[in-house]
Structure formats: structure tokens, C-alpha cells
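K.L.:
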Amino acid sequence: MSYQVHPSAIVDDGAVIGEGSRVWHFAHVCAGARIGRGCSLGQNVFVGNQVVIGDQVKIQNNVSVYDNVTLEDGVFCGPSMVFTNVYNPRSLIERKSEYRNTLVKRGATLGANCTIVCGVTIGEFAFVGAGAVVNKDVPGYALMVGVPARQIGWMSEFGEQLDLPLEGEGEARCLHSGVRYRLNGKQISKLDA
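According to the numbering used here, the sequence shown is numbered sequentially starting from 13.
(1) In angstroms with no decimal places, state the Cα-to-Cα distance between ASP25 and ALA43.
(2) Report yes if the C-beta distance between GLY90 and CYS126 is below 9 angstroms; otherwise report no.
(3) Can you list, in chain order, the residues of its chain with a C-beta nearer than 6 angstroms to that of PHE139? Leave out the 5 residues immediately preceding and following it.
(4) Starting from SER193, follow the beta strand (DSSP E) in both directions and report where the run begins and ends.
(5) So VAL59 packs on THR82, CB below 8 angstroms; how close in whole Å?
(6) Rounded to a whole number of angstroms, what is the C-alpha to C-alpha distance between ALA27 and ALA45?
(7) Considering only the alpha carbon of each residue, which of VAL157, LYS108, GLU106, VAL75 lies closest to PHE95?
(8) Roughly how many angstroms lie between the CA atoms of ARG34 and ASP85, to the nearest whole one?
(9) Return the CA-CA distance between ASN196 and HIS188, expressed in angstroms with no decimal places.
(10) Where in the segment 127-201 do unbroken runs of the alpha helix (DSSP H), each at least 4 residues long, occur, reported from the N-terminal end onward?
(11) Given this structure, state the Cα-to-Cα distance separating VAL157 from ILE128, to the nearest angstrom.
(12) Which first and last residues belong to the beta strand (DSSP E) in which VAL81 is found?
(13) Compare the C-alpha of TYR99 against each of GLY54, ARG49, VAL146 and name the closest.
(14) Starting from the C-beta of HIS18, find all residues in its chain whose C-beta is less than 6 angstroms away, skip the five residues before and the five after it, and write them out in chain order.
(15) My output table needs one value for SER92: the three-state DSSP class, helix, strand or coil.
(16) Can you tell me where the beta strand (DSSP E) holding VAL63 begins and where it ends?
(17) By how many angstroms is the C-alpha of VAL77 removed from the C-alpha of VAL41?
(18) What are the residues that DSSP puts in a beta bridge with LYS70?
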């Protein structure tokens with residue numbers, strides 16, 4: 013086995029887990045799950061059958077990644093954050109045929125206790141603050157906070173807020189990495205490779 017599984021965790025036959033990944037205490041990975049290399053699934057994490065997780069994803073304690081959720085490479089899921097897959101659930105009404113797809117793109121951060129309502133796309137390197145409730149698509153590099161979540165700024169790939177307006181034109185440099193970013197309208201692009 014090229015990955016580590018704590019004795020208290022359950023990995024159903026058929027699950028695919030990449031080299032160097034770690035599955036911690038009381039986690040459950042269902043048979044259809046596809047998990048990449050170098051991932052960490054914290055204590056009490058649940059991964060559903062129709063879930064795809066990229067490489068180097070960190071899922072902190074008490075997170076359930078339900079069917080129809082895709083996490084690209086380098087996504088961070090903070091402790092006790094929440095995914096949903098049915099928009100209007102009822103216990104007495106079967107709605108498995110109504111699952112909505114949720115896509116979290118490369119490098120995005122989902123803060124502790126935030127909620128991602130199904131059917132949205134979180135852009136690459138976006139940053140969702142702790143406790144926020146995301147109910148619409150999030151642009152790449154956007155900093156989102158509140159209930160419902162609203163954009164209050166832009167983040168670098170390093171994870172630092174950039175000194176840029178929400179829209180318009182401008183350039184900013186990440187103070188920690190030195191990488192430059194350009195704002196064009198409502199989109200950010202990285203200038204330095």
C-alpha cells in the first residue's frame with residue numbers, strides 16, 4: 013500500500029487513493045471515490061462514491077465531501093466546513109437524481125465552518141473566509157466573506173490579500189512571494205510565472 017490508513021478508518025473496496033496520501037482516525041472513504049497523491053484526510057472525514065479529489069488536497073477534521081463534489085489539486089478544506097449536493101432537501105422526498113455538481117478549482121481555500129451550497133464553482137486560488145456561506149460562483153483569486161458570501165478583495169496564490177479594488181484596472185505585488193498580479197475589469201491574472 014502506497015498510502016497510509018489509520019486502523020480506525022474505513023476504506024471501501026474499489027476506492028482509489030494516490031501515493032503518499034494519509035487517511036486519519038475514523039474517516040470513511042466510499043468505494044467509488046477517487047483521491048489523488050499526497051492528500052490528507054483528517055479525523056472523521058467522509059468521502060462519497062461520486063467524488064474526485066486531486067493531488068495535495070488537505071481536508072481537515074469533520075468534513076463530509078458528498079457525491080458530485082470535485083476538488084482540484086491543492087484545495088484546502090478547513091475544519092468542519094460543509095458541502096451540500098441537494099439544493100432543497102426533504103427527508104420524505106427522494107432527490108438523488110437532483111444532485112448538483114460542485115467544483116472547487118486548483119489551490120482554493122475553504123475556511124473553517126464555511127458552507128458551499130451545491131451547484132457552484134469556486135475559482136482557482138479563491139479564498140472563502142471562515143463561516144461564510146457561498147451560494148453563487150466565486151471568481152478565481154477572490155476573497156469571500158459573510159452570509160451570504162460577498163467579495164471583499166483579491167488574494168495571491170501565496171494566500172495574502174492584494175492591494176487592488178474589486179474591479180477596474182491595476183497591478184499589485186504579493187508582499188511575501190513578490191509575484192505580480194494584474195486586475196482587468198473583474199478578473200485577476202498572474203504576471204510572473
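Beta carbons are placed, not taken as given, at the ideal position from N, Cα and C, and that holds for glycine.
P.N.:
On the basis of the coordinates in this document:
(1) 5 angstroms
(2) yes
(3) THR121, LEU155, MET167
(4) Contrary to the premise, residue 193 reads as Tyr rather than Ser in this sequence. 192-197 is the extent of the beta strand (DSSP E) around TYR193.
(5) No, VAL59 and THR82 are not in contact; Cβ-Cβ is about 12 angstroms, not under 8 angstroms.
(6) 5 angstroms
(7) VAL75
(8) 15 angstroms
(9) 22 angstroms
(10) none
(11) 12 angstroms
(12) 81-83
(13) VAL146
(14) TRP36, HIS37
(15) coil
(16) 63-65
(17) 10 angstroms
(18) SER52, PHE88
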